[in-house]
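Here is the structure we will look at, set down as structure tokens.
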Amino acid sequence: MTAPSRGRPRSQELDTAIMRAALELFIEHGIAGMSIEQVAKRAGVGKPTIYRRWSGKEPLVADAIEALVSADVQWPTREEIAATSPHVFVRRNIAGAARTATDPRFRALAAQIYGSAVTHPQLMQTYWDRYILPRRTLTIAMLERAQRDGAVPEDADLDVLVDMLAGAVTYRVLQPNPPTERQMRRYLETAYRQVGLLPAT
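Dropping the structure here:
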């Protein structure tokens with residue numbers, strides 16, 4: 239017989255409402271200009287409801303960002319990477335990645351995140367640990383697989399390749415005239431080919 243769980247079960251709908259409110263406030267005011275009280279008011283919940291789920295605004299915002307940027311991209315597991323060409327995963331997700339990258343909220347988020355890196359390092363650290371680092375690890379695993387397949391030179395520095403890929407995408411997104419979804423998809427295809435994650439045409 240299973241022992242009853244303690245406390246109230248979390249509601250996905252409530253979590254989504256709280257994260258949506260946090261995301262909106264972060265985009266509007268940045269991490270310094272927002273508070274848990276404001277999030278609670280906009281989401282229509284009490285502050286204790288939020289604090290039962292998140293310890294503060296930094297982890298809340300990090301989760302809200304992850305929910306947005308992960309909606310259109312399905313990352314493979316290490317087991318899937320070991321068994322399948324990385325070209326399969328890139329082709330499967332490139333349309334979703336282009337859609338996310340050209341979402342006006344994503345552009346605003348990127349500007350706020352990087353703008354907060356010095357003044358609020360805890361936010362960047364939380365975002366790095368929860369979102370960037372796990373995906374960086376999987377990208378390196380895909381590059382290692384591409385390396386074994388002969389698509390990436392044996393002496394290539396994979397950390398540098400990941401930095402080049404991430405930097406190129408960020409630079410493109412933050413330009414004064416952001417790309418359309420179609421332009422971004424072509425740009426991503428070119429970038430992935432340059433690092434060996436798509437076959438040359």
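Remember, the working numbering sits 238 above the position in the sequence shown when you count from 1. Here a beta-carbon is modelled for each residue, glycine too, at the ideal position from N, C-alpha and C.
{"Item": "Specify, as a first and last residue, the run of the alpha helix (DSSP H) that residue 426 falls within.", "Value": "419 to 432"}
{"Item": "Given a threshold of 16 other Cβ atoms within 10 Å of its Cβ, counted over all protein chains shown, does residue 293 qualify as buried or as exposed?", "Value": "exposed"}
{"Item": "Check whether the Cβ atoms of residue 419 and residue 315 sit closer than 8 Å, and answer yes or no.", "Value": "no"}
{"Item": "Taking residue 302 and residue 288 to be in contact with their CB atoms under 8 Å, please state how far apart those CB atoms are, rounded to whole angstroms.", "Value": "About 12 Å separates the two Cβ atoms, so there is no contact after all."}
{"Item": "Please identify the residue among 320, 410 and 306 whose C-alpha is closest to the C-alpha of residue 344.", "Value": "306"}
{"Item": "Taking residue 333 as the reference, which of 373, 322, 311 and 350 has the closest Cα?", "Value": "311"}
{"Item": "Could you give the residue range of the alpha helix (DSSP H) that holds residue 301?", "Value": "295 to 307"}
{"Item": "Taking 8 Å as the limit between beta carbons, can you name the residues of its chain near residue 350, skipping five residues before and five after?", "Value": "264, 265, 268 and 269"}
{"Item": "For a minimum of 4 consecutive residues, which ranges assigned as the alpha helix (DSSP H) are wholly contained in the region 340 to 395?", "Value": "342 to 353, 359 to 365 and 371 to 386"}
{"Item": "Tell me where the alpha helix (DSSP H) around residue 319 begins and ends.", "Value": "316 to 321"}
{"Item": "Does residue 357 come within less than 8 Å of chain C when only Cβ atoms are used?", "Value": "Looking at the structure shown, chain C is missing, and only one protein chain is on hand."}
{"Item": "Let me check understanding here. Comparing Cα to Cα, which of 388, 249, 421 and 386 lies closest to residue 283?", "Value": "249"}
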